[in-house]
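Those protein sequence lines, which keep their order, are chains X and V. Note that our numbering numbers the first sequence so that position 76 is 172, with each residue one more than the last. Note that our numbering numbers the second sequence so that position 208 is 212, with each residue one more than the last.
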Amino acid sequence: MSALKREAFELPDTNDIDSVNQAQVTLIRLVAQNQIRASEALKISRMLEHRRRAIATGTLWEKMQELEAQGRQMRGEEP
Amino acid sequence: MEGMQNATLLPILTDPQLMAAGRPARSDLLPPWLSSDTRALVYGPPGIGKSFLALGIAWAVASGTSFLGWRAPRPRRVLYLDGEMGAAELGDRLALFGQLPGNLAIVPHDRPGGARLDLGTEDGIVRLMAGWNDPQLLVLDTLSALAPAARADRDHERRDALHCLLLHLKQTRRAVLMVDHTAKNGAAGRASAADLVMALRPAASAAAGGNARFEIHFEKTRQRVPLFPIAAELQTTDGAGAWRWDAACRVDRLAALVRQGLSRRDVCEALGIERSWFFRLKAEARTRGLLPPKGPSRSGTSRGGTS
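In structure tokens, the structure reads:
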């Protein structure tokens, strides 16, 4: 196995699902370019997966609050 | 010290602040075990009568009537989500009990034009909440069918979504009754998600097939006093169904509790019975010699030399 070209690398800020997906794509590219090992990428990928779950849960939670507020409005209740 | 408290950003409340905090009121749906923020789980082997029990509970809460000795204080909106039976079988079962209460909405999994709900997904939860009747009790029958991957813990994301829904229901003071099959190890699959767990076990004299007949065992509760097991059976005659439950067993339990010195209120709570049942069962216990005979009434005793 050839030696890694150790360089700092950048991943996108993971603010939403799209940017987490983008970060995963970047990781795969870094492995392909031999900048990081596949095992290292897998560890980072797991971190990103946790981040994706947290974002998905937060998004769902916000959506439920919105639906609840809409329901209250339709029933003529106080917000 | 004040600075330290501010630095933590934890909303630590003093006792008066805690008492004054605007918490939504908790109300009883089917006392003593089902209140507006209960997450209850009913589980048992296939064919024992879990769905019949869930329908009975849903019916009582929706109509403000009694079921197995528990009485709903007033009618509440109930949404029953079916994941296994389907419209035809649900219709047959409901027909046993007469006209459906107006507050009871039922969603069969095979309803025409409706895609199957998966409560382990954002889409499923959004569809549920966008179309529901603002229920005060949500019945999920069964969890395995309505959130399959989340139930089996195979998919973390689906489990997250289901937990999110359960948390939301609790925060908005909506009770949920989850029905589920016994897991391979014989235990409840989702007991950790519930704050009340009812296990259905075959009654001692249960025959294969036929009507629902089981014992209800409360394995996990947050009640101040224990909830005793109940034996229940659905009897059908001429197309009408009627539940029978173990008043006889309760006589023994009531007598034991009275002998322990528990108050009438605590005994009623422990047995999950109404006040009128307390007197009936107590009289029966006296007849059987489980309690001493009734003493002379107060009006008959001499007090203060008034005679």
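The beta carbon of each residue, even a glycine, is placed where N, CA and C say it ideally should be. Nothing here was measured: the structure is a model prediction, and the numbers come from that model.
Which residues in the same chain have their Cβ closer than 6 Å to the Cβ of residue i, if we skip the five residues on either side of it in sequence?
i, result
"residue 320 of chain V", "Since the displayed chain V opens at 5 and closes at 311, residue 320 of chain V lies outside it and no answer follows."
"residue 151 of chain V", "123, 124, 166"
"residue 219 of chain V", "205, 207, 233, 235"
"residue 20 of chain V", "none"
"residue 108 of chain X", "115, 118, 119"
With a Cβ-Cβ cutoff of 8 Å, do residue i and residue j count as a contact?
i, j, result
"residue 200 of chain V", "residue 225 of chain V", "yes"
"residue 30 of chain V", "residue 180 of chain V", "no"
"residue 258 of chain V", "residue 285 of chain V", "yes"
"residue 82 of chain V", "residue 147 of chain V", "no"
"residue 132 of chain X", "residue 126 of chain X", "yes"
"residue 126 of chain V", "residue 123 of chain X", "no"
"residue 47 of chain V", "residue 145 of chain V", "no"
"residue 247 of chain V", "residue 95 of chain V", "no"
"residue 66 of chain V", "residue 108 of chain V", "yes"
"residue 101 of chain V", "residue 245 of chain V", "yes"
Please report the residue range of the beta strand (DSSP E) in which residue i lies.
i, result
"residue 224 of chain V", "217-224"
"residue 114 of chain X", "Where residue 114 of chain X is concerned, there is no enclosing beta strand (DSSP E), although the alpha helix (DSSP H) it sits in stretches over 113-128."
"residue 205 of chain V", "200-206"
"residue 78 of chain V", "Note, residue 78 of chain V: premise wrong, no beta strand (DSSP E); not H, not E."
"residue 174 of chain X", "Careful: residue 174 of chain X lies outside any beta strand (DSSP E) and carries neither H nor E."
"residue 245 of chain V", "244-249"
"residue 241 of chain V", "234-241"
"residue 41 of chain V", "Unbroken run through residue 41 of chain V: none, as it is neither H nor E."
"residue 34 of chain V", "32-34"
"residue 231 of chain V", "Per DSSP, residue 231 of chain V belongs to no beta strand (DSSP E) and is neither H nor E."
"residue 14 of chain V", "Here residue 14 of chain V belongs to no beta strand (DSSP E), and DSSP marks it neither H nor E."
"residue 179 of chain V", "179-185"
Along the alpha helix (DSSP H) that carries residue i, what are the first and last residues, could you check?
i, result
"residue 145 of chain X", "134-170"
"residue 287 of chain V", "279-291"
"residue 61 of chain V", "54-67"
"residue 107 of chain X", "No alpha helix (DSSP H) contains residue 107 of chain X, which DSSP labels as neither H nor E."
"residue 269 of chain V", "268-275"
"residue 95 of chain V", "91-99"
Could you pull out every residue in the same chain whose Cβ sits closer than 8 Å to the Cβ of residue i, ignoring the five residues on either side in sequence?
i, result
"residue 152 of chain X", "113"
"residue 212 of chain V", "The predicted position of residue 212 of chain V is uncertain, since its pLDDT is 49 and thus under 50; no value can be drawn from it."
"residue 198 of chain V", "43, 44, 45, 182, 192, 224"
"residue 34 of chain V", "61, 64, 65, 71, 74, 75, 76"
Got a sec? Which residues, its chain only, sit under 7 Å from residue i by beta carbon, not counting five neighbours each side?
i, result
"residue 311 of chain V", "Per-residue confidence for residue 311 of chain V stands at a pLDDT of 29, beneath the threshold of 50, marking its modelled position as unreliable; no derived number is given."
"residue 69 of chain V", "76"
"residue 128 of chain V", "121, 122"
"residue 116 of chain X", "110, 144, 147, 148, 151"
"residue 281 of chain V", "73"
"residue 118 of chain V", "none"
"residue 261 of chain V", "271, 274"
"residue 6 of chain V", "For residue 6 of chain V, the predicted structure reports a pLDDT of 49, less than 50, and the residue's modelled location is therefore unreliable. A value from the coordinates is still provided. Once the five neighbours on either side are set aside, residue 6 of chain V has no close Cβ partner at all."
Is any heavy atom of the ligand GDP found at a distance shorter than 7 Å from the C-beta of residue i?
i, result
"residue 245 of chain V", "Among the components of this structure there are no ligands whatsoever, and the ligand GDP is therefore not found."
If you scan the segment 106-176 of chain V from start to end, which runs of the alpha helix (DSSP H) of 4 or more residues do you find wholly inside it?
126-135, 147-150, 152-155, 160-175
Taking a Cβ distance cut-off of 7 Å, strictly less, list which residues of the segment 95-114 of chain V are near chain X, in chain order.
none
If contact means a Cβ-Cβ distance below 7 Å, which residues of the segment 149-168 of chain X contact chain V?
149, 152, 153, 156, 157, 159, 160, 163, 164, 167
Residues from the segment 124-151 of chain V in contact with chain X, defined by Cβ distance under 7 Å
126, 129, 130, 133, 134, 138
Output, in sequence order along the chain, the residues in the segment 32-62 of chain V whose CB is closer than 8 Å to any CB in chain X.
none
Scan the segment 121-152 of chain X for residues whose Cβ lies nearer than 7 Å to a Cβ of chain V and list them as they occur along the chain.
149, 152
Can you list, in chain order, the residues of the segment 229-254 of chain V whose Cβ is nearer than 7 Å to any Cβ on chain X?
none
Closer than 9 Å between beta carbons: that is the criterion. Which residues of the segment 173-186 of chain V meet it against chain X?
176
Return the residues of the segment 255-282 of chain V that lie within a Cβ-Cβ distance of less than 8 Å from chain X, sorted by chain order.
none
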